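Trainee:
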Amino acid sequence: MLVWPLLILFGDSITEFSFRANGWGAALSSKLVRKCDVLNRGLAGYTTRMANHILPDLVTSANAKDTAAMTIFFGANDAVIKGTDENPQQNVPLEEYTDNLKNIIDYLKSLGITAKKMILITPPPLDEASWGKQCILQGYKLDRRNSVTGEYAKACTQVGQEYGMDVLDLWTLMQEGGQNFTAYLSDGLHLSDEGNQFLESKLWPILEKKLSSLPHIPNT
Numbered sequence: 005m006l007v008w009p010l011l012i013l014f015g016d017s018i019t020e021f022s023f024r025a026n027g028w029g030a031a032l033s034s035k036l037v038r039k040c041d042v043l044n045r046g047l048a049g050y051t052t053r054m055a056n057h058i059l060p061d062l063v064t065s066a067n068a069k070d071t072a073a074m075t076i077f078f079g080a081n082d083a084v085i086k087g088t089d090e091n092p093q094q095n096v097p098l099e100e101y102t103d104n105l106k107n108i109i110d111y112l113k114s115l116g117i118t119a120k121k122m123i124l125i126t127p128p129p130l131d132e133a134s135w136g137k138q139c140i141l142q143g144y145k146l147d148r149r150n151s152v153t154g155e156y157a158k159a160c161t162q163v164g165q166e167y168g169m170d171v172l173d174l175w176t177l178m179q180e181g182g183q184n185f186t187a188y189l190s191d192g193l194h195l196s197d198e199g200n201q202f203l204e205s206k207l208w209p210i211l212e213k214k215l216s217s218l219p220h221i222p223n224t
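Under the working numbering, read the sequence shown as residues 5 to 224, first letter to last.
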């Protein structure tokens, strides 16, 4: 059986939902037809702590050898403020979040997926007004703050710099120049169609460099 090279998308709900209509993952999959299989390994509600537990079941030596690139996109749930969310598994302290990202990277490197093949993506900014309404509808108070999410985005960027990896700093890019980022979010937390398009437009140039040498399959 002909095996296509893999692009693995690993993250939380923003990754899981990326294969929906107008999603950033679906857009990448369309661009990479006959060059690369795009695997969506997004898990709604997951933090880096949970990701570390499940990663060995998702990425093994068997599929690592075919992995041409991989995105790692966590932080939106890790940044939940302690004691505000109904799910006690969320809220990962900043220091642990940093260590968890490093553990994920180190595990992937142990399988032969080099740092140059990986892309870290920071959480996007949070629209507190819109997300606060969603929290109230679910019966609890606002469980995230944009400034706190920004601390996790900064930590993510620093990890990438330490490992010499590409980092897509969504939190900064979406707020660059004081622009109104709320249109990029559907509910204050997850991406709207415009947000999906923004992410894909910033991610594709990075991926294109990593995957440009892949042949068009079958090569006739």
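Just so it is clear, CB atoms sit at the ideal spot from N, CA and C, and this is done for glycine as well. Note that this is a predicted model, so its numbers are computed, not measured.
For T64, write down the residues that DSSP places opposite it in a beta bridge.
Mentor: Bridge partners of T64: none, in fact.
Trainee: Alpha carbon to alpha carbon, how far is F23 from I210?
Mentor: In a straight line, the C-alpha of F23 is about 19 Å away from that of I210.
Trainee: Are there 16 or more other CB atoms within 10 angstroms of the CB of R148, so buried, or fewer, so exposed?
Mentor: Classification of R148: buried, given that the 10 Å Cβ count is 16 or more.
Trainee: Touch check for the segment 73-87 and the segment 105-125: three-plus C-beta pairs under 8 Å?
Mentor: Segments in contact, yes.
Trainee: Assess contact between the segment 130-139 and the segment 44-55, defined as three or more Cβ pairs (one per stretch) separated by less than 8 Å. Is contact present?
Mentor: As far as the Cβ criterion goes, the segment 130-139 does not touch the segment 44-55, which means the pair count is below three.
Trainee: Could you tell me which uninterrupted beta strand (DSSP E) segments, each at least 3 residues in length, are contained entirely in the segment 13-80, listed from first to last along the chain?
Mentor: Within the segment 13-80, the complete beta strand (DSSP E) runs of at least 3 residues are 41-46, 71-77.
Trainee: Is it the case that the Cβ atoms of I117 and A66 are separated by a distance below 8 Å?
Mentor: No. Outside cutoff.
Trainee: Does the Cβ-Cβ distance between H194 and F21 come in under 8 Å?
Mentor: Yes, the Cβ-Cβ distance between H194 and F21 is below 8 Å.
Trainee: To test your reading of the DSSP string, which unbroken beta strand (DSSP E) runs of 3 or more residues are found completely within the segment 85-153?
Mentor: 122-125, all fully within the segment 85-153.
Trainee: At the level of alpha carbons, what is the spacing between V84 and F185?
Mentor: Answer to the nearest angstrom: the Cα atoms are 20 Å apart.
Trainee: Quick one: Cα of Y156 to Cα of N104, how far?
Mentor: C-alpha separation (whole angstroms): 12 Å.
Trainee: How would you call V7, buried or exposed, if buried means at least 16 neighbouring beta carbons within 10 angstroms?
Mentor: It counts as exposed.
Trainee: For a quick check, are the C-beta atoms of V42 and L11 less than 8 Å apart?
Mentor: In contact: V42 and L11 (Cβ atoms closer than 8 Å).
Trainee: Rounded to a whole number of angstroms, what is the C-alpha to C-alpha distance between I108 and K35?
Mentor: Looking at the two C-alpha atoms, the distance is approximately 27 Å.
Trainee: Return yes when the Cβ of L189 is within less than 8 Å of the Cβ of S196, no when it is not.
Mentor: In this structure, L189 lies closer than 8 Å to S196 by Cβ.
Trainee: Could you name the residues of the same chain whose beta carbon sits closer than 6 Å to that of T153, not counting the 5 residues immediately before and after it, in chain order?
Mentor: For T153, where only same-chain residues beyond five positions count, the Cβ hits under 6 Å are A83, P127, L130.
Trainee: When you compare only the Cα positions, how much space is there between C160 and S151?
Mentor: Distance between the alpha carbons of C160 and S151: 14 Å.
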